[in-house]
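Protein chains in written order, with my numbering: chain A, 3 to 482; chain B, 506 to 887.
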């Protein structure tokens, strides 16, 4: 079920009402049933895959706690990880790896038949797989007690607000919340609804409108001029941010309405002064996941310089592969790793340069330059991420600066009259974010007299209603 | 940069501190019973007050949505110019002409009723529909007939895709203000059963089904603002010169295109003929000019044209084929392979008006003759 659907508009108030009406002993069951319904709205049969993953890690968690021998414990952990990852591999990567292998064999003159498999990737598979893996690792490390109640564990993996696109929660943060009593609290419900409203603005007004342009241009880049390619790339940076952070806002808000606290997933990433900072502000639940379960176990930065570089490259390349079974994602991850390493290696030189030209750390010009250069580097990486293949990405790179025609901006789906709306939406987003970085907007608005406040809220909702795009486009990150 | 944190720096941010309302449960799965009854009552009252506030707020939103919907609909129905101006004239029964032109976007862009009026001396109007397949064109024609006096002649413009029926309603917002009309609503419901949402859910037809901000036009219309006129007696000329549409189409379809001949499409055409016959309207089929090179790319054109001729003969409907029009090979007269530009439309309108004038003259002559013959045979009838 999509958050931006009529079904969800009926589903969510009903589930919320039932949740608060039921006694605690039935609430988890309700959440599990609701989560199953939510997931089955996509492809019902795929819930079986989810059940397999849940069963593997549920049993593994219990045995990991029981087994005392460290060696046996480690074997059990790896069996659990490999089993869970096998499911992910079959549904997400089998075609990619076999295709790549056949391609590679072709280079050596072995013409192997390309296996034809018609598997549709289950929505959000990478997310709940990672959440499940996080649970077994934490139980293995002794940071989390094994959950013996199957219903509670299944609800932890399937909790509908964050089931298909995160935030990827850690058991220490979420699991215990299913055992706690959440009273109906107006302030929490209202805050959750406001958060959802902001998420819907990002998704429906910004992301989905920009998507019309981006899809047209990146669908056939050779039909568009340099200006259109540049604009589409700029729009994609905002589209993917608003799509994904909008989803996270709706997820966090929906959970908050029910009394749950989910972790933050984004922290205005385009205000970063370096790629390293960007990755601390973008998809936080995933980057911390990779940090805790891949980068640190590899040795992190407490190793030789070369090994540290290798660790970073492995982490980012695997992170790229997590995003999709396509070489564009792998190269995108690799490129980000490269950015980080170059940034790390040149840090001292760059500092000396800035100081030499008189731009000290807190100079506005230095900050602006760093912010813009980080955004540009990110956009360059987004080109690879969004392109259908590397040929298209190369074409976009080489034609960004050519044939700019200001009389030819519109596309088939994106008429010229939509352009001011798109820019206005981005402007509202930025004003909202900047304002919130100075003072908490919800707290500020909360002090306004009720009539004025409600007028403001109503105007905002009507803006979403009137300027939103309702083509029921999926959230980009569902595919991952 | 000097103090820039490293990748390893821990990120353990949680936006929300643990809520004070989250309390551990006792063994019975109920809140640990430290609260007194008074506290519980106060909490309950607060909860109900909160629920009331949330309901009140969403009730206001619903009322606003209904009010906005009513304003937009009213504004669009008040619009006097452009597309909605044409639709309002039709739905308010203010057209009442002798020669009516119906069809798709090719009809809208090809027939200038002003030229037809000046040459034939008969009043004329164009009710062509952009993006409409034959089923929608016929439905709109029926809506016209329900609200206006019957025309003497209907020129129905044919297309290569005439026998293909609609998969979806193109630009449904064009019909949203008029969903009260049963003919139109039933036709739309057959194409898209979900059209009820546009009728009954406030704003659905204006914001979900439309991305062109037609609601802005509606609000402007509500306050008396009319858009610039670009429809002339229903004729909406295409001012652009030859575009690269055809080149792109050829690139995407190097082996040509096929248009299905659907039984449903045949039934719609027969329904059109029946409707005209029942209303005593002279129906004329016209295949307006199409760029010559495109004609060769339409793979089942011979079959489609055979059906046009069959229908024409079977039901005695004149069929004027302008496939070999004198300018069919001249890009100066076209915007793309399917649509004439303004210059092309003016020349074609003259040609078709002259043919119509001749036809009407001979038709009235033969009608007079048959009336005279009738009088001679039945002298007491008068």
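Yeah, the Cβ is synthetic: ideal placement off N, Cα and C, and Gly gets one too.
Here residue 661 of chain B really is in contact with residue 789 of chain B; their C-beta atoms are around 7 Å apart, less than 8 Å. Sixteen is the threshold: since fewer than 16 other Cβ atoms of the shown chains lie within 10 Å of the Cβ of residue 392 of chain A, the residue is exposed. Here the alpha carbons of residue 30 of chain A and residue 22 of chain A stand approximately 12 Å from one another. Under DSSP, residue 791 of chain B takes part in a beta bridge, and its partners are B/662 and B/825. In the DSSP assignment, residue 130 of chain A forms no beta bridge with any residue.
In the structure shown, residue 627 of chain B adopts coil according to DSSP, grouped into three states. By the Cβ criterion, the region 712 to 731 of chain B is not in contact with the region 812 to 822 of chain B, since fewer than three pairs of Cβ atoms, one from each stretch, lie closer than 8 Å. Rounded to whole angstroms, the separation of the alpha carbons of residue 275 of chain A and residue 372 of chain A is 5 Å.
Contact of residue 91 of chain A with chain B by beta-carbon distance below 9 Å is absent, the smallest such distance being about 27 Å. Using a Cβ-Cβ distance cut-off of 8 Å, the region 629 to 641 of chain B and the region 668 to 679 of chain B are in contact, since at least three pairs of beta carbons, one from each stretch, lie closer than that value. When secondary structure is reduced to three states using DSSP, residue 418 of chain A falls in the coil class, being assigned neither helix nor strand. By the neighbour-count criterion, in which a residue is buried when 16 or more other Cβ atoms sit within 10 angstroms of its Cβ, residue 734 of chain B is exposed.
For residue 605 of chain B, the enclosing beta strand (DSSP E) has its first and last residue at 604 to 607. Contact check for residue 50 of chain A and residue 32 of chain A: beta-carbon distance about 22 Å, past the 8 Å limit, so the pair fails to qualify. In summary, residue 602 of chain B is buried, with 16 or more beta-carbon neighbours lying within 10 Å of its beta-carbon over all protein chains present. Think of a sphere of 8 Å around the beta carbon of residue 467 of chain A: the chain B residues whose beta carbon falls inside it are 570, 708 and 712, in chain order. Runs of the alpha helix (DSSP H) lying entirely within the region 133 to 181 of chain A, each at least 4 residues long, are 152 to 160 and 173 to 176 in chain order.
Residue-level contact check: residue 366 of chain A does not touch chain B, since none of the beta carbons of chain B fall below 9 Å from its beta carbon.
Per DSSP, the unbroken alpha helix (DSSP H) holding residue 100 of chain A starts and ends at 96 to 109. One Cα belongs to residue 345 of chain A, the other to residue 385 of chain A, and the distance between them is close to 20 Å. Residue contact with chain A for residue 551 of chain B: present (Cβ-Cβ distance below 9 Å to some residue of chain A). The region 133 to 142 of chain A and the region 96 to 116 of chain A do not touch, with fewer than three beta-carbon pairs separated by less than 8 Å. When Cβ pairs closer than 8 Å are counted between the two stretches, the region 217 to 231 of chain A is seen not to touch the region 181 to 188 of chain A, the count staying below three.
Across the set B/800, B/778, B/770 and B/684, the C-alpha of B/684 shows the shortest separation from the C-alpha of residue 582 of chain B. Secondary structure within the region 721 to 806 of chain B: the beta strand (DSSP E) runs of 3 or more consecutive residues, fully enclosed, are 787 to 792 (chain order). For residue 279 of chain A, the uninterrupted alpha helix (DSSP H) segment begins and ends at 277 to 283.
Relative to residue 862 of chain B, the option among B/622, B/586, B/558 and B/557 whose CA is nearest is B/622. Judged by beta-carbon spacing, residue 239 of chain A lies beyond the 9 Å limit of residue 425 of chain A, meaning their Cβ atoms are not closer than that value. Between residue 562 of chain B and chain A, the shortest Cβ-Cβ separation is below 9 Å.
Taking the Cα positions, residue 394 of chain A is about 27 Å away from residue 167 of chain A.
Contact note: residue 471 of chain A reaches chain B through 716, using a C-beta cutoff of 7 Å and chain order. By a beta-carbon distance limit of 8 Å, residue 630 of chain B contacts residue 738 of chain B. Their separation comes to about 5 Å. Among the CB atoms of chain B, none fall inside 9 Å of the CB of residue 390 of chain A. At a C-beta separation below 7 Å, residue 720 of chain B has these neighbours in chain A: 468. As summarised for the region 289 to 315 of chain A, there are no continuous beta strand (DSSP E) elements at least 3 residues long confined to that stretch. Around residue 359 of chain A, the same chain offers no residue with a beta carbon nearer than 7 Å, after the five sequence neighbours per side are excluded.
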